[in-house]
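Novice:
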Amino acid sequence: MGLVQLDNQTAYRPEALIGADQTGLRYLGWNVPPEELQYIPEHWLQFPEPEASLHYLLGLLYIAFAIFALIGNGLVIWIFISAKSLRTPSNVFVINLALCDFFMMAKTPIFIYNSFTRGFSLGHVGCQIFAFVGSLSGIGAGATNALIAYDRYNTITRPFEGRLSQTKAIIFICLIWAYTIPWAVLPLLGIWGRFVPGKCIQRVIMQHPQTTIGV
Numbered sequence: 056m057g058l059v060q061l062d063n064q065t066a067y068r069p070e071a072l073i074g075a076d077q078t079g080l081r082y083l084g085w086n087v088p089p090e091e092l093q094y095i096p097e098h099w100l101q102f103p104e105p106e107a108s109l110h111y112l113l114g115l116l117y118i119a120f121a122i123f124a125l126i127g128n129g130l131v132i133w134i135f136i137s138a139k140s141l142r143t144p145s146n147v148f149v150i151n152l153a154l155c156d157f158f159m160m161a162k163t164p165i166f167i168y169n170s171f172t173r174g175f176s177l178g179h180v181g182c183q184i185f186a187f188v189g190s191l192s193g194i195g196a197g198a199t200n201a202l203i204a205y206d207r208y209n210t211i212t213r214p215f216e217g218r219l220s221q222t223k224a225i226i227f228i229c230l231i232w233a234y235t236i237p238w239a240v241l242p243l244l245g246i247w248g249r250f251v252p253g254k255c256i257q258r259v260i261m262q263h264p265q266t267t268i269g270v
């Protein structure tokens, strides 16, 4: 246990130690600067650090995911912009989903860098950027998928009356973002919950008193 200054109060919490068990075993947070430790939930600091090979494997996997996702979603966005015939109301949802997925993977360089440096390398600012973009794109993608399913349901069950207008599609998109933005902004500002490092420290979670949500 060690003393840490948190919000003008001194509290005991587990220290990030190297070789705490006299075998050279490293615990999560061993390579985190002291001024950044206050942002990491003390729960994680008691666990041994994963093998370096696991960090590197995650980094390599996310490089592959990012390449395929950015190229694939980038092509969808480019085709939608360049082909007027594809700008149908239903495809508005598809392009919104592609944008969400594109930005979801655009933030992966933060995760990849943290994986290869095995920790909280970009600090609190990198953590907040990663989580904010992840919340916006992740929740936005989930809500968009729900609307795509709703649109498909109406098209199948009501082929003549259930067709979506362009105006209605845009209104739905605005509602998606009106729902999504507070989920990302409130934790970012610390109004409701907060973004903190997660289990392996290179990823981020949203934490509030009742529950914890991975990002």
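For the sequence shown, counting from 1, position 122 maps to 177 in this note's numbering; every step adds exactly one. Backbone N, C-alpha and C define an ideal beta-carbon position, used for all residues, glycine too. No experiment lies behind these values; they were computed from the predicted model shown.
#1: Using the C-alpha atoms, what's the distance from residue 123 back to residue 223?
#2: Less than 8 Å between the CB atoms is what I'm expecting for residue 129 and residue 157, so what's the real figure, rounded?
#3: Taking residue 184 as the reference, give the member of 136, 212, 161 and 111 with the closest Cα.
#4: Measuring straight from C-alpha to C-alpha, what distance separates residue 269 and residue 192?
#5: So what's residue 144 in DSSP terms, helix, strand or just coil?
#6: Return helix, strand or coil for residue 187, following the three-state DSSP convention.
#7: Tell whether a beta-carbon distance below 9 Å holds between residue 84 and residue 174.
#8: Is the beta carbon of residue 81 less than 9 Å from the beta carbon of residue 97?
#9: Three-state secondary structure (DSSP) at residue 87?
#10: Expressed to the nearest angstrom, what Euclidean distance is found between the alpha-carbon atoms of residue 159 and residue 188?
#11: With a cut-off of 8 Å on the beta carbons, I'd call residue 134 and residue 125 a contact; round off their distance for me.
#12: Residues in its own chain within less than 8 Å of residue 241 by CB, not counting five upstream and five downstream?
#13: Secondary structure at residue 207, three-state DSSP: helix, strand or coil?
#14: Any idea which residues DSSP pairs residue 234 with across the strands?
#15: Give the DSSP bridge partners of residue 103, in chain order.
#16: When the Cα of residue 225 is compared with those of 196, 143 and 87, which residue comes out closest?
#17: Applying the 10 Å Cβ sphere with the 16-neighbour rule, what's the burial state of residue 252?
Specialist: According to the structure shown:
#1: 32 Å
#2: 6 Å
#3: 161
#4: Because the pLDDT at residue 269 is just 46, under 50, the model does not fix this residue reliably, and the value given afterwards should be weighed accordingly. Using only the alpha carbons, I get a separation of about 13 Å.
#5: helix
#6: helix
#7: yes
#8: no
#9: coil
#10: 7 Å
#11: Actually they do not touch by this definition, with Cβ atoms about 15 Å apart.
#12: 247 and 248
#13: helix
#14: DSSP, once it has assigned bridges, lists no residue as partnering residue 234.
#15: 82
#16: 143
#17: buried
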